[in-house]
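Asks:
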Amino acid sequence: MRQTLKVQISENKEYLIEISDSGFIKLNQDIYEFTKGQKRLVVMSKNVYKLYCEDLNFSDEEIFILPDGEKEKNYTNYLKIIQKAQELGLTRKDVIIAVGGGVVGDIAGFAASTYMRGIDFIQIPTTLLSAVDSSVGGKTAIDYNGVKNIIGSFYQPKKVFININFLNTLDKKQYMSGLGEVLKYALIENSCGHKTPLFLFEFLTLGCEKILKKEPLNLIRMIEYCLNLKIAVVSKDEKESGLRKILNLGHTLGHALESYTKFSKYTHGEAVIYGIFFILDWAYNNEYITNSYYRLSLDLLDKYGFKRLKKMPAPEKIIQFLKKDKKNTNNQVTFIVPCGKKEVQEKLFSVSELISALS
Ligand code: GLY
């Protein structure tokens, strides 16, 4: 099965996303066809290299192996990728390909966006998180000085190949991390401006068992729904000046928790889920959402086995990380808050409001 989605950012900025369960032979053919005549630099995570270097048709010379983990999304590795591009003699006509999760996609995309002022970039996400979120929409970045994604650019890929066979080797923790982002989409669907209802919330509720078992057709459908929502958002607001902020439901607190624990305690999706619990509770307590929608949302999180953070760090510890987020000003912190069934809106919290919400 193969689904093709089109991302249309502007009249002359568009690209296709292929979601498929085809074997790797077909994937190799597709990549070969798409990059014919180009020199390629393939940035691949160490783990993906170990698992898939035999299945994928790249030569060792064109591969840059990035060690795994958020801490590798740094300036030093960025420069190493640029150096490799120089060594391979990549010109403006050539291409950088990211094969891996969000870390690989972000750093390789940033390298592609800056090398010679920008060369072609292809995303091949190998995790659920990168398939449903980071590989689409053009956010690229590296971390610096303890702040996630503080150096980066908006740079759209030329193509995204999503092959769900990669998900077979994803461990439970990483798979659940991706599902954290998937559940986020269910809670924002009606604010995304998609032309027709997709009923992702209902699909996730009914299909839970099959999705947890990674049943291929359900996986493809689920990724397709999430990306359709993301496309609806980013095609209206590529650079996050307005609507795109809604994709950050759960992320304000989530990012702060990740930074506070030095990116070593929680997966991204897990941190986002803690952020979602926090803001759902806040929205219910402040009468932004009804009791019945609050219960339905908690039931959905529960169905997938997600639980609240057992012990929230003290507000004074977490607040400095909330303020550091690049989306915030010194005295106010932006949260995306549920405000109706599958609807969200932006709300600025003052420091005192935050302290009381976190307490
Ligand atoms: N991950 C949120 C976005 O792409 O805007």
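Once you know that position 326 of the sequence shown is 326 in my numbering, the rest is easy, because the numbers rise by one and skip nothing. For every residue, glycine included, the Cβ atom is placed at its ideal position computed from N, Cα and C.
#1: Give me whichever residues DSSP pairs with Gln-8 in a beta bridge.
#2: Measuring only the C-alpha atoms, how far is Asp-171 from Val-99?
#3: Mind checking which residues open and close the alpha helix (DSSP H) that includes Glu-346?
#4: Mapping the DSSP letters down to three states, classify Gly-340 as helix, strand or coil.
#5: In the DSSP output, which residue or residues are listed as bridge partners for Ala-141?
#6: Answer yes or no: the CB of Asn-165 versus the heavy atoms of the ligand GLY, is any distance below 7 Å?
#7: Report the residue from Asn-286, Asn-285, Leu-280 whose alpha carbon sits nearest the alpha carbon of Asp-299.
#8: Quick one: using the 10 Å Cβ neighbour count with 16 as the cut-off for buried, is Ile-96 buried or exposed?
#9: How is the alpha helix (DSSP H) around Phe-34 delimited, first residue to last?
#10: Roughly how many angstroms separate the alpha carbons of Glu-72 and Val-103, rounded to a whole number?
#11: Could you tell me which residues DSSP puts in a beta bridge with Arg-2?
#12: Alpha carbon to alpha carbon, how far is Gln-86 from Arg-2? Give it in angstroms, no decimals.
#13: Under a Cβ-count criterion, where at least 16 other Cβ atoms within 10 Å of its own Cβ denotes burial, should Arg-40 be classed as buried or exposed?
#14: Less than 8 Å between the CB atoms is what I'm expecting for Leu-183 and Leu-167, so what's the real figure, rounded?
#15: Taking the beta strand (DSSP E) that Val-136 falls in, what are its first and last residues?
#16: Can you look up Arg-92 in the DSSP assignment and give me helix, strand or coil?
#17: Should Leu-247 be listed as close to the ligand GLY, given that the test is whether its C-beta is under 7 Å from any heavy atom?
#18: Quick check: is any heavy atom of the ligand PLP less than 7 Å from the C-beta of Gly-275?
#19: Rounded to whole angstroms, what's the CA-CA distance from Val-42 to Thr-76? Just pull it up for me.
#20: Can you grab the Cα-Cα spacing for the pair Phe-161 / Ser-356, in whole Å?
#21: Here's the rule: buried if 16 or more other CB atoms are within 10 angstroms of the residue's CB, otherwise exposed. What is Glu-209?
#22: Going by DSSP, which residues form a beta bridge with Ala-98?
#23: List in chain order: all unbroken alpha helix (DSSP H) runs of 4+ residues lying wholly within the segment 51-91.
#24: From Tyr-49, Pro-197, Lys-265, Met-116, pick the residue whose C-alpha is nearest to that of Ile-82; which is it?
Replies: The answer reads as follows:
#1: DSSP output for Gln-8 lists Glu-14 as bridge partner(s).
#2: When the Cα atoms are used, Asp-171 and Val-99 turn out to be separated by approximately 17 Å.
#3: For Glu-346, there is no enclosing alpha helix (DSSP H); the residue is found in the beta strand (DSSP E) stretching over 343-350.
#4: Three-state result, Gly-340: strand.
#5: Answer is Gly-152, bridged to Ala-141.
#6: Every heavy atom of the ligand GLY is 7 Å or more from the Cβ of Asn-165, so no.
#7: Nearest C-alpha to Asp-299: Leu-280.
#8: Buried, since its Cβ has 16 or more Cβ neighbours within 10 Å.
#9: Counting along the chain, Phe-34 sits inside the alpha helix (DSSP H) bounded by residues 24-34.
#10: Note on geometry: alpha-carbon atoms of Glu-72 and Val-103 lie some 8 Å from one another.
#11: By DSSP's assignment, Arg-2 forms a beta bridge with Ser-20.
#12: When rounded, the separation of the alpha-carbon atoms in Arg-2 and Gln-86 is 36 Å.
#13: The residue in question, Arg-40, is buried, as its Cβ has 16 or more Cβ neighbours within 10 Å.
#14: Contact between Leu-183 and Leu-167 fails: their C-beta atoms lie close to 17 Å from each other, not under 8 Å.
#15: Taken as a continuous stretch (DSSP letters only), Val-136 belongs to no beta strand (DSSP E), as it is neither H nor E.
#16: Reduced to three states, the DSSP call for Arg-92 is coil.
#17: Answer for Leu-247: yes, Cβ within range of the ligand GLY.
#18: Within the structure as shown, the ligand PLP is missing, the only ligands being the ligand GLY.
#19: Val-42 and Thr-76 have their alpha carbons spaced roughly 17 Å apart.
#20: Rounded to the nearest whole angstrom, the C-alpha separation of Phe-161 and Ser-356 is 45 Å.
#21: Glu-209 is exposed by the Cβ-count criterion.
#22: Residue pairing by DSSP places Ala-98 opposite Val-43, Gln-123 in a beta bridge.
#23: List check, alpha helix (DSSP H) in window: 75-87.
#24: Looking from the CA of Ile-82, the closest CA among Tyr-49, Pro-197, Lys-265, Met-116 belongs to Met-116.
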